[in-house]
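Report on the following structure.
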Amino acid sequence: MGILDTVTDIMGESTQRAPDTAGDDGSKGSYWCDDCGVRVRDVEVDAEGLDRDADGTPACPDCGESMRFERASGSGCAC
Numbered sequence: 008m009g010i011l012d013t014v015t016d017i018m019g020e021s022t023q024r025a026p027d028t029a030g031d032d033g034s035k036g037s038y039w040c041d042d043c044g045v046r047v048r049d050v051e052v053d054a055e056g057l058d059r060d061a062d063g064t065p066a067c068p069d070c071g072e073s074m075r076f077e078r079a080s081g082s083g084c085a086c
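Its first residue numbered 8, the sequence shown is counted upward by one per residue in my numbering.
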């Protein structure tokens with residue numbers, strides 16, 4: 008049973024995923040500019056110094072249009 012145990016161990020290891028560390032910074036998604044295609048993660052809006060409208064929606068740094076928020080699906084990044 009030595010070979011069978013080895014194969015079982017290898018197969019078990021190959022299906023394990025690396026720990027999910029993406030999204031640990033509190034990000035819920037990204038803001039997108041539909042006109043320019045610019046993407047800014049929600050946790051980076053203030054660091055980027057983007058202007059906001061009365062509702063708090065950031066303006067695109069390239070064209071100035073309001074950006075659309077898109078939530079991340081799953082536990083990965085908001086790519």
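Every residue, glycine too, gets a C-beta built ideally from N, C-alpha and C.
Cβ-Cβ distance between P68 and Y38 below 7 Å: no
Identity of the residues DSSP links to S73 by a beta bridge: A66
Element boundaries [beta strand (DSSP E), containing V47]: 46–48
Heavy atom of the ligand ZN within 6 Å of G33 beta-carbon: The model on display carries no ligand, and the ligand ZN is accordingly not part of it.
Contact set for D41: own chain, Cβ-Cβ below 7 Å, skip 5 residues either direction: R75
Nearest-angstrom Cα separation, counted from K35 out to V115: For residue 115 there is no data in the structure shown, the boundaries of the chain being 8 and 86.
Contacting residues, own chain, Cβ-Cβ under 7 Å from E55 (five flanking each side not counted): V47, P68
Between the CA atoms of V52 and A79 - distance to the nearest angstrom: 16 Å
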